[in-house]
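The structure appears below as structure tokens.
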Amino acid sequence: MKLGIACRLVGTLLLATATVATAAPAASAADNTNTAEPDGAASLLKAMQRDLGLSARESRLRLYRETIAEQVRHTLRRTLGNSYGGAHYDAASGRLVVGVTDRSRLADARAAGARAELVQYSSRYLEGIAERLDGSLRGAPAAVTGHYVDTTDNSVVLTAERGSAPRVREFLRSTGVPTEAVRITETPGEPRLYADVIGGNPYYTGGDTRCSIGFAVRGGFLSAGHCAATGDGTSNPAGTVAGSSFPGDDFSFVRSSAPGKPLVNDYGGGTVNIAGSTEAPVGASVCRSGSTTGWHCGTIVGKHQSVRYPEGIVEGLTRTDVCAEPGDSGGSFVSGRQAQGITSGGWGNCTSGGTTFFQPVNEALGRYGVSLLTG
């Protein structure tokens, strides 16, 4: 990496940290201030405080640091090439952690402002294993619920129902993938879709099936593919499903003449203004809006997750520790003011907690050739 680029990134990170530290209120009482924030930031910060256990000052600082971390990740993925071993945001230190397979390239990653760690497998190698597992997932035991690349420990994780690890291990050996790079994790529940047939907003399909709007785009809005098939009509707002993909993917485009706005409901009396769709790294904070449970936050746990629902396999999802419940399907995932994805499914609930997957929004935008409405 060129020294000038590295210096600019490090300088930006230090400036952002210093700016927040200086601007944030010093007194603890000020952490509960009701001072108005632009673009729905106040409600986003409150949700982060509630769900991540942060103060208002800590929430602002985390958003600044995550923005810089994503810039560093994007640069290093390109410059490290085959030596790039994945990255994740470490909330404790406020820095991006980057895996590097070539010891001689560690200094490049550190010069860019990241904490560099020597790892065994490149990101491309692990993603290749995940792709091979995709081809075997349809013939897997019912106990296998999916897989994803875990950038925090440089492995591919195969998820399975509780008590099924021995059977799943036999399946893994039969796939022919390098087992030393794969670990099996038992999960507390079976993934299910968050669509439900109860009355309520924000939109219906088939008269009584409720899902949640993802993001407003030119000519309509995005939602989950499992909520409706191509050609189905919607109400409140009225529209027609112009494209729907499920399983395989889990997104849809609803064509509607209803006025669209670049906003996400924070279910606290306000909205979050969407500025773009820059992808956040693993470890970054993320918040979800849905018509059943409202606004909840957590972190991005993994990417390139393949999930085996009873209805079929969906590939390329992002795994989070945010809770959700039936009816939240199709809803918005945002990190700061950046659109991240469309709620697909998961397990658990918003009383005891759970795991929720989202379909990255940029893939849906590209598939349907539509543009996100931004403010």
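In terms of mature numbering (1 follows the signal peptide of the UniProt record, and there is no 0), the sequence shown is residues -23 to -1, 1 to 352.
Using N, Cα and C, we set each Cβ at its ideal position, and we do this for glycine too.
>> Does Asp227 come out as helix, strand or coil in the three-state DSSP assignment?
In response: Note: Asp227 maps to coil in three-state DSSP.
What are the start and end residues of the alpha helix (DSSP H) that includes Ile106? Segment 100 to 114, the alpha helix (DSSP H) holding Ile106.
**OP:** Report the option in Ser99, Lys23, Asp67 whose CA atom is closest to the CA atom of Arg54.
**Re:** That would be Ser99, whose Cα lies nearest to the Cα of Arg54.
| If you check the beta carbons only, do Thr162 and Leu110 fall under 8 angstroms apart? | Contact: no.
Could you compute how far the alpha carbon of Leu21 sits from the alpha carbon of Asp243? For the pair Leu21 and Asp243, the Cα-to-Cα distance works out to about 7 angstroms.
**Asked** Between the stretch 127 to 144 and the stretch 305 to 317, are three or more C-beta pairs nearer than 8 angstroms?
**Response** A contact between stretches requires three or more CB pairs, one per stretch, nearer than 8 angstroms, and the stretch 127 to 144 fails this requirement with the stretch 305 to 317.
query: Which runs of the alpha helix (DSSP H), 4 residues or longer, sit entirely within the stretch 65 to 92?
result: Listed in chain order, they are 83 to 88.
Three-state class that DSSP yields for Leu135 in the structure shown:
Note: Leu135 maps to strand in three-state DSSP.
### Message
Taking the beta strand (DSSP E) that Gln336 belongs to, which residues open and close that run?
### Response
Start and end: 330 to 337.
- Would you check if the stretch 226 to 244 and the stretch 275 to 293 touch, i.e. whether three or more CB-CB distances between them fall below 8 angstroms? Between the stretch 275 to 293 and the stretch 226 to 244 there are three or more C-beta pairs closer than 8 angstroms, enough to call the two in contact.
request  = Report back the beta-carbon spacing between Ile106 and Val133 to the nearest angstrom; my notes put them in contact at under 8 angstroms.
outcome  = At roughly 5 angstroms, the Cβ-Cβ gap stays under 8 angstroms, so Ile106 and Val133 are in contact.
Please classify Phe334: is it buried, with 16 or more other beta-carbons within 10 angstroms of its beta-carbon, or exposed?
So Phe334 ends up on the buried side.
| task | Using 10 angstroms around the beta-carbon of Thr(-2), count the other beta-carbons present and answer buried if the total reaches 16, otherwise exposed. | result | For Thr(-2), the pLDDT reaches just 32, beneath the cut-off of 50, and the residue's location in the model is therefore unreliable, leaving the point undetermined.
Exercise for review: Check the C-beta distance from Gly260 over to His65 and give it rounded, since I have them as a contact under 8 angstroms.
Suggested key: Contact check for Gly260 and His65: beta-carbon distance about 4 angstroms, within the 8 angstroms limit, so the pair qualifies.
Practice problem: Measure the CB-CB distance between Arg265 and Thr328 and report whether it falls below 8 angstroms. | Solution: No, the pair does not count as a contact, with Cβ atoms beyond the cut-off.
Residue range of the alpha helix (DSSP H) that includes Arg150 | Residues 142 to 152.
By the DSSP assignment, the beta strand (DSSP E) with Arg285 in it spans what residues? Run containing Arg285: 271 to 286, per the beta strand (DSSP E) assignment.
Who are the near neighbours of Ala219 in its chain, counting only those whose CB is closer than 6 angstroms to its CB and skipping five residues on each side? Within the same chain, and ignoring the five residues on either side of Ala219 in sequence, the residues whose Cβ sits closer than 6 angstroms to its Cβ are Phe230, Arg232.
Chain-order list of residues whose beta-carbon lies under 6 angstroms from that of Ala13 (same chain, five-residue window excluded) | Its pLDDT being 46, under 50, Ala13 is placed unreliably in this model, and the coordinates cannot settle the point.
Margin query: Quick check on DSSP: helix, strand or coil for Asp127?
Written below: It is a strand residue.
**Message:** Looking at the strands, I want to know which residues DSSP matches up with Leu199.
**Reply:** When DSSP reads this structure, Leu199 sits in a beta bridge with Phe192, Phe230.
query: Is the stretch 182 to 192 touching the stretch 208 to 215, taking contact as three or more C-beta pairs under 8 angstroms?
result: The stretch 182 to 192, when compared against the stretch 208 to 215, does touch it at the 8 angstroms Cβ threshold.
Q: Just tell me which of Gly325, Ala341, Ser234, Gly123 has its CA closest to the CA of Val291.
A: The candidate whose alpha carbon is nearest that of Val291 is Gly123.
When you compare the CB positions of Gly183 and Leu350, do they come within less than 8 angstroms of one another, or not?
The answer is no: Cβ separation not under 8 angstroms.
_Using only the alpha-carbon positions, how far apart do Tyr171 and Leu199 sit?_
If you draw a straight line from the Cα of Tyr171 to the Cα of Leu199, it is about 16 angstroms long.
key: C-beta atoms of Arg296 and Ile251 nearer than 8 angstroms   = Pairing Arg296 with Ile251 gives a Cβ-Cβ distance that is not under 8 angstroms.
Quiz item: Does DSSP put Gln26 in a helix, in a strand, or in coil?
Solution: In this structure, Gln26 counts as helix in the three-state DSSP scheme.
Cutoff 7 angstroms; reference Gly202; Cβ partners in own chain excluding five residues on either side = Within the same chain, Cβ atoms closer than 7 angstroms to the Cβ of Gly202 are found at Ser221, Ser222, Phe223, Asp226, Asp227, Phe228, Ser229, the five residues on either side in sequence being excluded.
- Query: Where does Ser321 sit, in a helix, a strand or coil, going by DSSP?
  - Reply: Strand, per DSSP.
Local Cβ density within 10 Å of Ala(-18), reported as buried at 16 or more and exposed below that: With a pLDDT of only 40 at Ala(-18), under the threshold of 50, the placement of this residue in the model should not be trusted, and no figure is reported.
| said: Taking DSSP's pairing of strands, which residues face Ala316 in a bridge? | reply: Within the DSSP bridge table, the entry for Ala316 names Val311 as partners.
| query | CA-CA distance, Arg146 and Gly352? | reply | Cα atoms of Arg146 and Gly352: separation of roughly 49 angstroms, rounded to the nearest angstrom.
- Task: Check Ile161 in the structure and name its three-state DSSP category.
- Result: Reduced to three states, the DSSP call for Ile161 is strand.
| query | With a CB to CB cut of under 6 angstroms and the five nearest residues on each side skipped, what residues in its chain are close to Ala341? | reply | Excluding the 5 residues flanking it on each side, Ala341 has same chain C-beta neighbours closer than 6 angstroms at Leu199, Phe228, in chain order.
Where does Cys204 sit, in a helix, a strand or coil, going by DSSP? If DSSP states are grouped into helix, strand and coil, Cys204 belongs with the helices.
Problem - Buried versus exposed call for Asn59 [16 or more other C-beta atoms within 10 Å across all chains shown] - result: Of the residues assessed, Asn59 falls on the exposed side of the cut-off, its CB having fewer than 16 other CB atoms within 10 angstroms.
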